[in-house]
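Here the sequence shown stands for residues 497 to 650, where the numbers follow my numbering. Ideal Cβ positions, reconstructed from N, Cα and C, are used throughout, including at glycine. Just below is one structure, and these are the notes that go with it.
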Amino acid sequence: MPFAWLGDIQIGADVMTGPTGSEEELSNTINEHMVVRGKPVLQDAGEENDRRTFRFFFDETFCDPAAQYARLRAARASREALPLVHGNGSYLGKRYVVKSVRITHKKASPSGRPVRIEGEIVLIEAPGGSFSLGGVIGAATAALALINPLVRRG
Numbered sequence: 497m498p499f500a501w502l503g504d505i506q507i508g509a510d511v512m513t514g515p516t517g518s519e520e521e522l523s524n525t526i527n528e529h530m531v532v533r534g535k536p537v538l539q540d541a542g543e544e545n546d547r548r549t550f551r552f553f554f555d556e557t558f559c560d561p562a563a564q565y566a567r568l569r570a571a572r573a574s575r576e577a578l579p580l581v582h583g584n585g586s587y588l589g590k591r592y593v594v595k596s597v598r599i600t601h602k603k604a605s606p607s608g609r610p611v612r613i614e615g616e617i618v619l620i621e622a623p624g625g626s627f628s629l630g631g632v633i634g635a636a637t638a639a640l641a642l643i644n645p646l647v648r649r650g
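Structure representation (structure tokens):
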């Protein structure tokens with residue numbers, strides 16, 4: 497059973513071993529407002545996007561390290577928000593975008609083919625499944641159109 501699935505990329509078990517390490521960061525945005533006397537006043541400005549980091553390795557004994565690395569590069573390049581489903585089937589309704597992929601080539605064959613690759617993938621939550629600027633502008637325009645009927649809806 498895999499540790500998790502990121503879209504169709506298996507994390508753990510037979511393909512991407514591990515994770516050998518995993519981190520989750522949940523944060524709030526808190527603004528501090530300075531006052532003339534006394535301590536600053538705090539203002540809750542909401543939540544930040546969740547971040548997850550997985551460390552893992554690929555080895556030729558159970559997969560093709562170069563092919564798996566290519567899948568991670570493609571997931572990062574696509575900038576697509578992918579669901580993260582845990583191995584037990586639980587899904588928290590959150591989708592993540594691959595923010596970065598860091599790979600260390602640990603061993604290669606005499607011809608230069610990767611034999612063992614260690615890596616780290618950083619995911620950032622994409623609320624609503626999209627993070628494009630067009631989606632933000634479209635949502636802002638729709639909200640403005642609700643307030644002001646003279647704004648043209650696109």
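Would you mind giving the Cβ-Cβ distance between residue i and residue j, rounded to the nearest angstrom? I have them listed as a contact below 8 Å.
i      : j      : result
Thr525 : Gly503 : Wrong, their Cβ atoms sit about 28 Å apart, outside the cutoff.
Tyr565 : Ile613 : 6 Å
Ala562 : Val594 : Not really, about 18 Å apart at Cβ, beyond 8 Å.
Glu521 : Asp540 : The pair is not a contact, with the Cβ atoms about 18 Å apart (cut-off 8 Å).
Using a Cβ-Cβ cut-off of 8 Å, state whether residue i counts as contacting chain D.
i      : result
Val618 : Any reference to chain D falls outside this structure, which holds one protein chain only.
Within the same chain, show all residues whose beta-carbon is closer than 7 Å to that of residue i, passing over the 5 residues directly before and after it, in chain order.
i      : result
Arg567 : Ile505
Arg598 : Gly615, Glu616
Ala604 : Pro610, Val611
Thr516 : Arg551, Phe552, Phe553
Indicate the three-state DSSP secondary structure (helix, strand or coil) for residue i in the structure shown.
i      : result
Pro610 : strand
Gly589 : strand
Gly624 : helix
How big is the Cα-Cα spacing for residue i and residue j?
i      : j      : result
Ser596 : Leu619 : 7 Å
Glu519 : Ser586 : 18 Å
Cutting at 6 Å between CB atoms, please list the residues of its own chain near residue i, excluding the five before and the five after it.
i      : result
Lys544 : Reading the sequence as shown, one finds Glu at residue 544 and not Lys. So the list reads Ser523, Thr525, once near-sequence residues are dropped.
Taking the runs of the alpha helix (DSSP H) that are 4 residues or longer, which of them lie wholly in the stretch 517-579? 561-574
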